[in-house]
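J.: Per this note's numbering, residue 2 is the first one in the sequence shown, and the count goes up by one each step.
All C-beta atoms, glycine included, are put in the ideal place defined by N, C-alpha and C.
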Amino acid sequence: MFKNKNISFKISVLISLVFFIIFSGLGIYINISINKFTDQETLSNAKKLSKYFNKTLKDFMVFGDAEIVHSWLENEKNIIGNSIRVYRKDGKVAFQDNETVDLVNKFIGVEKFERKAKPKEEYVVKHKEDFEKILKDRKTIYYKVTENNQEFFVYLEPIIRDDRCIACHGYEEDEIRGISEVKIALDHLKPDDLKQLHKDNIVIFILFLIGGFFVLTWLIKKNLDKPINDLKEAAKKFGSGELKGEIEGDFDNEFHPVIQEFNNMSEKLSALYENLEERVRERTESLNKLNEEFLRREKMMDEDLEKASVVQMSFLPPPEQLYKKIQFYSFYIPSQNLSGDCYDIFKLHNGKYAFYIGDVSGHGISAAMVTILVNEIINKKISDFNEKYQGDEDKVAEEYKICLNPGKLLEYINNELTKKLGNSHYATLFYGLIDENNYSLLYAGAAHPPIFALKNDGKEIIELPSSGTVLGMFDNEKYKESQISLGVNDKLLLYTDGIYEVEGESDGKHLSKEYFKNAFKEKCKENSGFKLVTDLYQILISYSHTGEFKDDTAFMLLELNHID
Numbered sequence: 002m003f004k005n006k007n008i009s010f011k012i013s014v015l016i017s018l019v020f021f022i023i024f025s026g027l028g029i030y031i032n033i034s035i036n037k038f039t040d041q042e043t044l045s046n047a048k049k050l051s052k053y054f055n056k057t058l059k060d061f062m063v064f065g066d067a068e069i070v071h072s073w074l075e076n077e078k079n080i081i082g083n084s085i086r087v088y089r090k091d092g093k094v095a096f097q098d099n100e101t102v103d104l105v106n107k108f109i110g111v112e113k114f115e116r117k118a119k120p121k122e123e124y125v126v127k128h129k130e131d132f133e134k135i136l137k138d139r140k141t142i143y144y145k146v147t148e149n150n151q152e153f154f155v156y157l158e159p160i161i162r163d164d165r166c167i168a169c170h171g172y173e174e175d176e177i178r179g180i181s182e183v184k185i186a187l188d189h190l191k192p193d194d195l196k197q198l199h200k201d202n203i204v205i206f207i208l209f210l211i212g213g214f215f216v217l218t219w220l221i222k223k224n225l226d227k228p229i230n231d232l233k234e235a236a237k238k239f240g241s242g243e244l245k246g247e248i249e250g251d252f253d254n255e256f257h258p259v260i261q262e263f264n265n266m267s268e269k270l271s272a273l274y275e276n277l278e279e280r281v282r283e284r285t286e287s288l289n290k291l292n293e294e295f296l297r298r299e300k301m302m303d304e305d306l307e308k309a310s311v312v313q314m315s316f317l318p319p320p321e322q323l324y325k326k327i328q329f330y331s332f333y334i335p336s337q338n339l340s341g342d343c344y345d346i347f348k349l350h351n352g353k354y355a356f357y358i359g360d361v362s363g364h365g366i367s368a369a370m371v372t373i374l375v376n377e378i379i380n381k382k383i384s385d386f387n388e389k390y391q392g393d394e395d396k397v398a399e400e401y402k403i404c405l406n407p408g409k410l411l412e413y414i415n416n417e418l419t420k421k422l423g424n425s426h427y428a429t430l431f432y433g434l435i436d437e438n439n440y441s442l443l444y445a446g447a448a449h450p451p452i453f454a455l456k457n458d459g460k461e462i463i464e465l466p467s468s469g470t471v472l473g474m475f476d477n478e479k480y481k482e483s484q485i486s487l488g489v490n491d492k493l494l495l496y497t498d499g500i501y502e503v504e505g506e507s508d509g510k511h512l513s514k515e516y517f518k519n520a521f522k523e524k525c526k527e528n529s530g531f532k533l534v535t536d537l538y539q540i541l542i543s544y545s546h547t548g549e550f551k552d553d554t555a556f557m558l559l560e561l562n563h564i565d
């Protein structure tokens with residue numbers, strides 16, 4: 002509302018506005034009173050003028066001189082700029098038509114007045130009821146009307162015959178001879194001294210308002226500026242950091258409690274500030290110690306994770322395991338120090354090879370522990386068989402041959418996980434058993450991504466799906482076993498679902514199974530062995546827009562050689 006930010010100025014203006022509203026109302030009241038007084042004076046003057054006109058009319062009409070009356074009416078009309086009319090009892094305007102002339106001549110007994118051209122007849126239409134009331138009650142009626150934005154007073158008064166009429170004209174049929182109408186503009190009757198009073202009143206009011214504004218402003222500034230300026234200076238000190246800024250002076254007014262509270266606050270803040278630095282120093286030292294402890298523990302945890310990662314990696318087979326008829330190649334890409342992917346290869350004493358690849362839900366320490374548990378379960382069952390095998394499978398007890406039945410082994414692992422972990426983790430797994438004598442593959446899967454079998458010198462890829470549910474979620478699940486015959490130069494590619502988390506650089510879409518399968522088929526035409534595995538890794542790196550892996554990823558490649 003105000004561009005000036007000085008509070009004393011604002012208060013002065015607000016009080017002056019109140020002052021203005023009060024005295025404006027007073028001025029309006031005075032003007033209304035003056036207007037009423039003016040109207041009363043005007044009405045009084047109009048009544049006097051009306052009586053004068055009526056008396057003059059009577060004097061002229063006593064002698065029956067219609068021509069003189071008519072001329073006088075016209076003359077008075079021109080002088081005052083209004084209208085004076087005389088109406089007969091029938092409502093017609095007198096002294097302007099031949100009928101009036103005939104009546105006057107008849108009353109005086111001689112043809113004294115000449116007949117005039119007959120003008121348009123005029124009647125009292127707007128005030129017909131007033132006209133009839135005057136004739137009936139012989140009372141004067143007056144009112145104000147507005148025509149063309151100008152106020153007029155209208156006076157209707159009966160013209161009563163008197164003795165002079167009888168003496169002069171000799172008739173006394175009716176007491177009322179007619180009605181006179183005097184219509185006078187209001188401005189012509191207002192006293193000049195009252196008009197001047199209006200002007201003087203406005204000037205005095207304006208001068209009084211201006212003077213009052215400056216007086217109020219001076220008084221307010223005198224009583225407000227000192228405490229306000231002191232508060233402003235103290236606030237500046239607070240803003241600059243000087244908390245001890247007591248306001249001095251004796252203020253015996255409304256500002257006294259405000260300044261007193263301000264001084265109390267200043268004293269308390271100053272006392273608090275004195276202890277603040279010491280408290281901040283103590284807290285800073287405490288936080289530094291906590292931070293050092295946190296960094297120490299974080300370093301220890303990183304070291305432990307690195308050690309745990311080394312331990313976990315020790316459970317994984319070497320990247321190349323070469324046998325006479327079968328070669329195994331593996332590649333492992335952890336997303337963190339510890340991962341949930343696991344795989345391994347085992348040579349059995351009966352000319353068979355057991356292998357598996359699995360993926361535990363989650364990442365980090367808990368997932369790594371589950372992979373170790375799975376690995377230990379499988380290792381234990383294979384060790385039991387090799388220990389009991391004496392050259393004939395049929396002589397080994399059934400409880401030690403579970404590693405020869407992929408479906409039963411998965412069932413056993415599932416029950417162990419649900420019993421020990423209570424559904425807190427689940428895993429996917431593919432377990433296979435290949436015989437080097439005839440290259441037959443017996444396998445079972447637990448919700449693991451399908452395995453690719455490249456046959457017929459790379460002309461055909463067969464998918465080996467996992468039909469069973471995940472391990473560690475439901476008790477007593479059954480897992481179906483399947484068998485397939487492989488041939489010379491056939492290849493098996495096992496992998497975990499981390500490849501599906503790789504995002505493309507151009508469109509952001511994840512790598513699909515079909516894309517990976519076709520890439521595997523094409524690369525088999527160029528390379529084999531560990532070089533083929535690294536080619537597949539480079540395909541994932543090229544596809545990714547970050548070069549990083551969001552999930553653990555592992556490959557395992559099996560290649561079959563010619564049987565001697």
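Using the rule of at least 16 other Cβ atoms within 10 Å of the residue's Cβ for burial, across every protein chain shown, is serine 467 buried or exposed?
T.: Taking the first residue of the sequence shown as 1, we reach residue 467 at position 466. Looking at its Cβ environment, which holds 16 or more other Cβ atoms inside 10 Å, serine 467 is buried.
J.: On a Cα-Cα basis, can you pick out the residue from Asp458, Ile180, Leu493 and Val19 that is closest to isoleucine 142?
T.: As a position in the sequence shown, residue 142 is number 141, starting the count at 1. Of the listed residues, the one whose Cα sits closest to isoleucine 142 is Ile180.
J.: Go to proline 407, then tell me how far its alpha helix (DSSP H) extends in each direction, as first and last residue.
T.: In the sequence shown, the residue the question calls residue 407 occupies position 406. Here the alpha helix (DSSP H) through proline 407 covers 407 to 422.
J.: Are the beta-carbon atoms belonging to leucine 533 and lysine 522 less than 8 angstroms from one another?
T.: For the purposes of this step, residue 533 is taken as the residue at position 532 of the sequence shown. For the purposes of this step, residue 522 is taken as the residue at position 521 of the sequence shown. Contact: no.
J.: What is the residue span of the alpha helix (DSSP H) that lysine 90 lies within?
T.: Position 89 of the sequence shown, counted from the first residue, corresponds to residue 90. Neither: lysine 90 is in no alpha helix (DSSP H) and is coded neither H nor E.
J.: Determine the burial state of valine 146: buried for a count of at least 16 other Cβ atoms within 10 Å of its Cβ, exposed for fewer.
T.: Locating residue 146 in the sequence shown gives position 145, counting from the first residue. Answer is exposed; the Cβ neighbour count stays below 16.
J.: Would you check if the region 441 to 460 and the region 380 to 387 touch, i.e. whether three or more CB-CB distances between them fall below 8 angstroms?
T.: no
J.: Alanine 520 and isoleucine 500 look like a contact to me (Cβ under 8 angstroms); what is the Cβ gap, rounded to whole Å?
T.: Counting from 1 along the sequence shown, the entry for residue 520 is found at position 519. Counting from 1 along the sequence shown, the entry for residue 500 is found at position 499. No, alanine 520 and isoleucine 500 are not in contact; Cβ-Cβ is about 10 angstroms, not under 8 angstroms.
J.: Identify which residue in Gly446, Asn289 and Glu437 has its Cα closest to the Cα of phenylalanine 347.
T.: Position 346 of the sequence shown, counting from 1, holds the residue named residue 347. With distances taken between Cα atoms, phenylalanine 347 lies closest to Glu437.
J.: Counting C-beta neighbours from all protein chains within 10 Å, is the total for asparagine 415 16 or more, i.e. buried, or is it exposed?
T.: Taking the sequence shown and counting its residues from 1, one reaches residue 415 at position 414. Burial of asparagine 415 is indicated by the presence of at least 16 other C-beta atoms within 10 angstroms of its C-beta.
J.: Of the choices Ile161, Arg162, Leu157 and Glu176, whose alpha-carbon is the least far from that of glutamate 182?
T.: As a first step, residue 182 must be located in the sequence shown, where it is residue number 181. Among Ile161, Arg162, Leu157 and Glu176, the Cα nearest to that of glutamate 182 is on Leu157.
J.: Among the residues of its own chain, which have a CB less than 8 angstroms from the CB of phenylalanine 132, if the five just before and after it don't count?
T.: Walking along the sequence shown from the start, residue 132 turns up at place 131. Excluding sequence neighbours, phenylalanine 132 sits near Tyr88, Gly92, Val125, Leu157 and Ile180.
J.: Express the C-alpha separation of aspartate 138 and valine 155 in angstroms, rounding to a whole number.
T.: Numbered from its first residue, the sequence shown carries residue 155 at position 154. Numbered from its first residue, the sequence shown carries residue 138 at position 137. Using only the alpha carbons, I get a separation of about 18 angstroms.
J.: Starting from the Cα of isoleucine 483, find the closest Cα among Gln151, Ser362 and Leu434 and give me that residue.
T.: By 1-based counting over the sequence shown, the position of residue 483 is 482. Isoleucine is not the amino acid found at residue 483; the sequence shown has serine there. Ranking the options by Cα distance to serine 483, first place goes to Leu434.
J.: Nearest to valine 94 by alpha carbon, out of Gly365, Ser543, Lys551 and Arg178?
T.: The residue labelled residue 94 in the question sits at position 93 within the sequence shown. Looking from the CA of valine 94, the closest CA among Gly365, Ser543, Lys551 and Arg178 belongs to Arg178.
J.: Taking the alpha helix (DSSP H) that phenylalanine 521 belongs to, which residues open and close that run?
T.: Taking the first residue of the sequence shown as position 1, residue 521 is located at position 520. Counting along the chain, the alpha helix (DSSP H) containing phenylalanine 521 begins and ends at 514 to 525.
J.: Within 10 Å of its beta-carbon, does proline 319 have 16 or more other beta-carbons around it, so buried, or fewer, so exposed?
T.: Position 318 of the sequence shown holds residue 319. When all chains shown are included, proline 319 counts as exposed.
J.: Would you kindly report the start and end of the unbroken beta strand (DSSP E) that includes aspartate 131?
T.: Residue mapping note: residue 131 aligns to position 130 of the sequence shown, counting from 1. Going by DSSP, aspartate 131 is part of no beta strand (DSSP E) but of the alpha helix (DSSP H) stretching over 129 to 138.
J.: Just confirm the distance between the C-beta atoms of histidine 426 and glycine 363, as a whole number of angstroms; I'd bet it's less than 8 angstroms.
T.: Reading the sequence shown from its first residue, position 425 is the one you call residue 426. Reading the sequence shown from its first residue, position 362 is the one you call residue 363. Contact flag correct, Cβ pair sits at about 7 angstroms.
J.: What residue range does the beta strand (DSSP E) around lysine 456 cover?
T.: In the sequence shown, residue 456 corresponds to position 455, counting from 1. Residues 452 to 456.
J.: Within the same chain, show all residues whose beta-carbon is closer than 8 angstroms to that of asparagine 439, passing over the 5 residues directly before and after it, in chain order.
T.: The residue you call residue 439 lines up with position 438 of the sequence shown. Excluding residues within five positions, the ones whose Cβ falls inside 8 angstroms are Ser486.
J.: Applying the criterion that 16 or more other CB atoms from any shown protein chain within 10 Å of the CB defines a buried residue, is leucine 494 buried or exposed?
T.: For the purposes of this step, residue 494 is taken as the residue at position 493 of the sequence shown. Label assigned to leucine 494: buried.
J.: Where does methionine 557 fall in DSSP's three states?
T.: One-based indexing of the sequence shown puts residue 557 at position 556. The answer is strand: DSSP assigns methionine 557 an E or B state.
J.: Express the C-alpha separation of threonine 429 and lysine 300 in angstroms, rounding to a whole number.
T.: By 1-based counting over the sequence shown, the position of residue 300 is 299. By 1-based counting over the sequence shown, the position of residue 429 is 428. Cα to Cα, lysine 300 sits roughly 33 angstroms from threonine 429.
J.: Output the distance between the C-alpha atoms of glutamate 283 and leucine 291, rounded to the nearest integer angstrom.
T.: For the purposes of this step, residue 283 is taken as the residue at position 282 of the sequence shown. For the purposes of this step, residue 291 is taken as the residue at position 290 of the sequence shown. Going by the C-alpha atoms only, they are around 12 angstroms apart.
J.: Between phenylalanine 356 and the rest of its own chain, which residues show a CB-CB distance below 6 angstroms, the 5 nearest in sequence each way excluded?
T.: By one-based count along the sequence shown, residue 356 stands at place 355. Cβ neighbours of phenylalanine 356 beyond the five flanking positions: Ile346 and Gly433.
J.: Take the Cβ of alanine 555 as the centre, count every other Cβ of all protein chains shown within 10 Å, and call the residue buried at 16 or more, exposed below.
T.: Indexing the sequence shown from 1 puts residue 555 at position 554. Buried, by the Cβ-count rule.
J.: Note down the Cα distance separating tyrosine 330 from isoleucine 379, rounded to an integer number of angstroms.
T.: Taking the sequence shown and counting its residues from 1, one reaches residue 330 at position 329. Taking the sequence shown and counting its residues from 1, one reaches residue 379 at position 378. Roughly 20 angstroms between the two C-alpha positions.
J.: Looking at the structure shown, is valine 397 part of a helix, part of a strand, or coil, going by DSSP?
T.: Start at 1 with the first residue of the sequence shown, and residue 397 comes out as number 396. The answer is coil: DSSP assigns valine 397 none of H, G, I, E or B.
J.: Compare the C-alpha of histidine 449 against each of Lys420, Asn424, Thr419 and Leu411 and name the closest.
T.: Looking up residue 449 in the sequence shown gives position 448. The residue with the shortest Cα to Cα distance from histidine 449 is Leu411.
J.: State the Cα-Cα distance for the pair leucine 422 and glycine 473, rounded to the nearest angstrom.
T.: Numbered from its first residue, the sequence shown carries residue 422 at position 421. Numbered from its first residue, the sequence shown carries residue 473 at position 472. If I take the Cα positions, the gap works out to 8 angstroms.
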